[in-house]
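Participant: Residue numbers (the working numbering), protein chains in the order written: chain E, 1 to 323; chain Z, 1001 to 1113.
No residue lacks a Cβ here, since even glycine has one placed at the ideal position from N, Cα and C.
1) Residue ranges of each alpha helix (DSSP H) run of no fewer than 4 residues wholly in the segment 24 to 68 of chain E, ordered along the chain?
2) Are three or more beta carbon pairs between the segment 50 to 65 of chain E and the segment 32 to 40 of chain E nearer than 8 Å?
3) Name the one or two DSSP bridge partners that residue 1031 of chain Z has.
4) Starting from residue 304 of chain E and walking both ways along the beta strand (DSSP E), at which residues does that stretch end?
5) Between which two residues does the alpha helix (DSSP H) harbouring residue 127 of chain E extend?
6) Pick from E/100, E/95 and E/140: whose alpha carbon is nearest that of residue 18 of chain E?
7) From which residue to which residue does the beta strand (DSSP E) around residue 291 of chain E run?
8) Give every residue of the same chain whose Cβ lies closer than 7 Å to the Cβ of residue 1018 of chain Z, excluding the five residues on either side of it in the sequence, and list them in chain order.
9) Quick check: the Cα distance between residue 279 of chain E and residue 256 of chain E, rounded to an integer number of angstroms?
10) If I follow the unbroken beta strand (DSSP E) through residue 180 of chain E, where does it start and stop?
11) Within 10 angstroms of its Cβ, does residue 81 of chain E collect 16 or more other Cβ (buried), or is it exposed?
12) Give me the DSSP bridge partner(s) of residue 122 of chain E.
13) Among E/309, E/23, E/227 and E/90, which one has its Cα closest to the Cα of residue 329 of chain E?
14) Whole angstroms is fine: what's the gap from residue 83 of chain E's alpha carbon to residue 49 of chain E's?
15) Do residue 236 of chain E and residue 164 of chain E have their beta-carbon atoms positioned less than 8 Å apart in this structure?
16) So which of Z/1084, Z/1026 and Z/1082 has the shortest CA-CA distance to residue 1001 of chain Z?
17) Return no unless some Cβ of chain Z is closer than 8 Å to the Cβ of residue 137 of chain E.
18) Using a Cβ cut-off of 8 Å, which residues of the segment 215 to 229 of chain E contact any Cβ in chain Z, in chain order?
19) Can you list the residues of chain Z that residue 324 of chain E reaches, using a CB-CB cut of under 8 Å?
20) Using the rule of at least 16 other Cβ atoms within 10 Å of the residue's Cβ for burial, across every protein chain shown, is residue 52 of chain E buried or exposed?
21) Are residue 1034 of chain Z and residue 1060 of chain Z close, meaning C-beta to C-beta below 8 Å?
22) Is the Cβ-Cβ distance between residue 1028 of chain Z and residue 1109 of chain Z less than 8 Å?
23) Where does residue 171 of chain E sit, in a helix, a strand or coil, going by DSSP?
24) Going along chain Z in order, which residues have a C-beta closer than 8 Å to the C-beta of residue 197 of chain E?
25) Count the other CB atoms, across all protein chains shown, that sit within 10 Å of the CB of residue 1013 of chain Z; report buried if there are 16 or more and exposed otherwise.
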């Protein structure tokens, strides 16, 4: 009987970026610092005026530098219902106030908001003095600002990468990536091509083009791992309107290139085939993924495989026509 | 179809679970034990059924944006393969059934392309 119960365990471990931020941000980063406070001896009428003037729905009550309580709209309504607007703040305030420390993580405040039905939490500093006020709105504002910063940082990186070629003046600008691929290194098979795909996406290639180049690079990479004497090099040259990939090695070379190009032809060993390779479709796949492919090889020399992908003029996002 | 529901229906054992599995919708599947065939035939966002259990399946899935692999005939992969799958965000399920049977069951569940 198969067990699917562990699905929920793993999902429970899942943490979103927002949740992460709730742990990263501390309360002093999101709280309101310009406080409007009341004195216990203020009249409820003056408190009502303060609420109206400042458009707030609650305020901490401070006696000297000590937090004495908190007065909310609900307390105000209670007072109005009693018809006792002439009474003092200390008669209607809530005095057993739960506070949070300004150095606590935002998530601690979230827990309290979730457990107790309070609208705001006074924030105290190390000395226990009131330093701010925190509402759920402050938290969501703070999280939104932090998310926005994250997003902007990511955007800047993306923008810089995809505009790499624009600010550099030369007759021909290109970026070259090189990957050394070891013979028989099956456990890292695909690492180079996945990196190539990622790099192309970063540079602004469409997902489709990055994928096709990735597939071609993968087949070339596996050929270096499976068929060479000492491994080889996978080299990618990125230009504004063209991606050229080359896989080269120093042997043993291909005896019959025409045969090697035939679908289903493979010289892979039984052991390699048992790993899922050796379908004889590698070069066929490459040819269908890139615009141009050529193979130069001779027995006992090496092999050079060239793959060229032409980029449509709008591949680089935001890239204008050449000046 | 939702992948979690599919896993329950087909009685699959989850070996690795990606963050977004809950919301993963599967509409197409592909079966092959030859990596190059998957390279040309496996579509993105599809499910891949295979008997291969070595680490290379993760690289292929990652390259093709295949989010889910079902390994058949209880061919339990090595921990290093699962480790790689976790870091690349690929979900791997295991079943004692064979390629043919699991493909048939997927078809019966409505995955018909």
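Facilitator: According to the structure shown:
1) The qualifying runs are 27 to 30 and 44 to 54.
2) Segments in contact, yes.
3) The partner list for residue 1031 of chain Z (beta bridge, DSSP) reads Z/1049.
4) That run of the beta strand (DSSP E) goes 303 to 310.
5) Segment: none, residue 127 of chain E is in no alpha helix (DSSP H) and carries neither H nor E.
6) Checking every option, the nearest Cα to that of residue 18 of chain E belongs to E/140.
7) For residue 291 of chain E, there is no enclosing beta strand (DSSP E), since its DSSP letter is neither H nor E.
8) Same-chain partners within the cutoff: 1067, 1089, 1090 and 1091.
9) Rounded to the nearest angstrom, the two C-alpha atoms are 17 Å apart.
10) Run containing residue 180 of chain E: 175 to 181, per the beta strand (DSSP E) assignment.
11) With fewer than 16 other Cβ atoms within 10 Å, it is exposed.
12) Note: residue 122 of chain E sits in a beta bridge opposite E/133.
13) This structure cannot settle anything about residue 329 of chain E, because the visible part of chain E is limited to 1 through 323.
14) Here the alpha carbon of residue 83 of chain E sits roughly 16 Å from the alpha carbon of residue 49 of chain E.
15) The answer is no: Cβ separation not under 8 Å.
16) With distances taken between CA atoms, residue 1001 of chain Z lies nearest to Z/1026 out of Z/1084, Z/1026 and Z/1082.
17) Judged by the 8 Å Cβ criterion, residue 137 of chain E is not in contact with chain Z.
18) Per Cβ criterion, the list reads 215, 218, 219 and 222.
19) Here chain E covers residues 1 to 323 and nothing more, so residue 324 of chain E does not appear.
20) Burial check for residue 52 of chain E: the Cβ neighbour count within 10 Å stays below 16, so the residue is exposed.
21) Cβ atoms of residue 1034 of chain Z and residue 1060 of chain Z: not closer than 8 Å.
22) Between residue 1028 of chain Z and residue 1109 of chain Z, the CB-CB gap reaches or exceeds 8 Å.
23) Correct three-state label for residue 171 of chain E: coil.
24) Near residue 197 of chain E (Cβ distances below 8 Å), the residues of chain Z are 1063.
25) By the neighbour-count rule (16 or more Cβ atoms within 10 Å), residue 1013 of chain Z is buried.
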